[in-house]
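Quick note: the sequence shown uses my numbering, first residue 3, plus one each step.
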Amino acid sequence: MIPFLDKLESEYGRRHKNATPDAGYESEENYVYLQKKQQTAYIKPQNYEQKKTRTYKSQIGRKENMRYDSAVNEYTCANGKKLKAVYNSVRKSQTGYEQTVTNYRCEDCTGCTVRNLCTKAKAGKPKELECSRLFEELRAASFERITSKLGIQLRVNRSIQAEGTFGIIKQDYGFRRFCRRGTDEVTTELALVCLAFNLNKLHSNLINERTGFTLHELQSG
Numbered sequence: 003m004i005p006f007l008d009k010l011e012s013e014y015g016r017r018h019k020n021a022t023p024d025a026g027y028e029s030e031e032n033y034v035y036l037q038k039k040q041q042t043a044y045i046k047p048q049n050y051e052q053k054k055t056r057t058y059k060s061q062i063g064r065k066e067n068m069r070y071d072s073a074v075n076e077y078t079c080a081n082g083k084k085l086k087a088v089y090n091s092v093r094k095s096q097t098g099y100e101q102t103v104t105n106y107r108c109e110d111c112t113g114c115t116v117r118n119l120c121t122k123a124k125a126g127k128p129k130e131l132e133c134s135r136l137f138e139e140l141r142a143a144s145f146e147r148i149t150s151k152l153g154i155q156l157r158v159n160r161s162i163q164a165e166g167t168f169g170i171i172k173q174d175y176g177f178r179r180f181c182r183r184g185t186d187e188v189t190t191e192l193a194l195v196c197l198a199f200n201l202n203k204l205h206s207n208l209i210n211e212r213t214g215f216t217l218h219e220l221q222s223g
């Protein structure tokens with residue numbers, strides 16, 4: 003995502019106020035990048051759909067299903083035990099981004115009646131979990147935005163404009179494989195296909211008096 007947005011800014015000489023990438027681009031590094039660029043992130047969490055299921059909600063060992071107290075930085079498990087922060091570690095991504103991860107450990111799992119549902123740790127070892135507090139905060143903020151009216155509208159339009167374009171090119175145009183060989187030849191062929199798509203779209207917008215139109219409105223009801 004980052005190289006793409008950097009190139010987009012350098013090519014067009016401007017920066018978009020909002021960024022609505024696919025859920026596959028959700029990461030702390032990308033959240034921090036957008037924050038530094040003063041771009042508002044509308045990224046659907048990768049566990050967004052899973053969290054809606056009964057199976058996910060019944061998994062008591064997940065930190066998302068535990069109560070978190072930000073005042074003392076600790077979780078409370080299903081059995082009322084406290085998981086307190088014990089140490090931090092730093093992880094470095096392939097791009098060099100450093101993420102601080104906090105490890106939490108249960109005060110005592112002895113005699114817990116739901117231990118087998120909460121952890122796979124060996125007998126005698128307490129429940130542990132880890133997470134990046136910064137990532138959790140940025141994810142929560144993004145979740146609030148994507149579930150707002152504007153957030154829903156941006157995500158709907160992303161699906162229409164990005165995924166719909168590929169659908170039209172492949173299905174309507176019947177373009178399913180390249181006729182040329184070599185990186186330069188393939189790039190040129192794709193550019194011609196994209197140019198044809200844009201001309202058709204412009205022609206349609208002119209006929210239907212939709213020039214200057216950027217976002218589809220949400221349908222009521």
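Each residue gets a CB set at the ideal place from its N, CA and C atoms; glycine is no exception.
Cβ shell of T213 (< 6 Å), same chain only, five flanking positions each side left out: N207
Below 8 Å, can you find three or more Cβ-Cβ pairs linking the segment 193 to 205 to the segment 80 to 95? no
Is the CB-CB distance between E130 and V103 below 7 Å? no
By Cβ distance, which residues of its chain are closer than 6 Å to R17, with the 5 residues on each side in sequence left out? E11
Select from L220, T190 and Y35 the residue whose C-alpha is nearest the C-alpha of R182. T190
Identify the residues that DSSP records as bridge partners of D186: which are they? DSSP output for D186 lists no bridge partner at all.
Span separating the alpha-carbon of F168 from that of G113: 56 Å
I'd like to check one pair, A25 with K39: are the Cβ atoms closer than 7 Å? no
Would you report the Cα separation of N118 and C79, rounded to the nearest angstrom? 13 Å
Quick one: Cα of E219 to Cα of Q155, how far? 7 Å
With respect to the alpha helix (DSSP H) encompassing D8, which residues constitute its N-terminal and C-terminal limits? I4 to Y14
Three-state class that DSSP yields for Y99 in the structure shown: coil
Which of helix, strand or coil DSSP assigns to N20: strand
Going by beta-carbon coordinates alone, are N20 and Y35 separated by less than 7 Å? no
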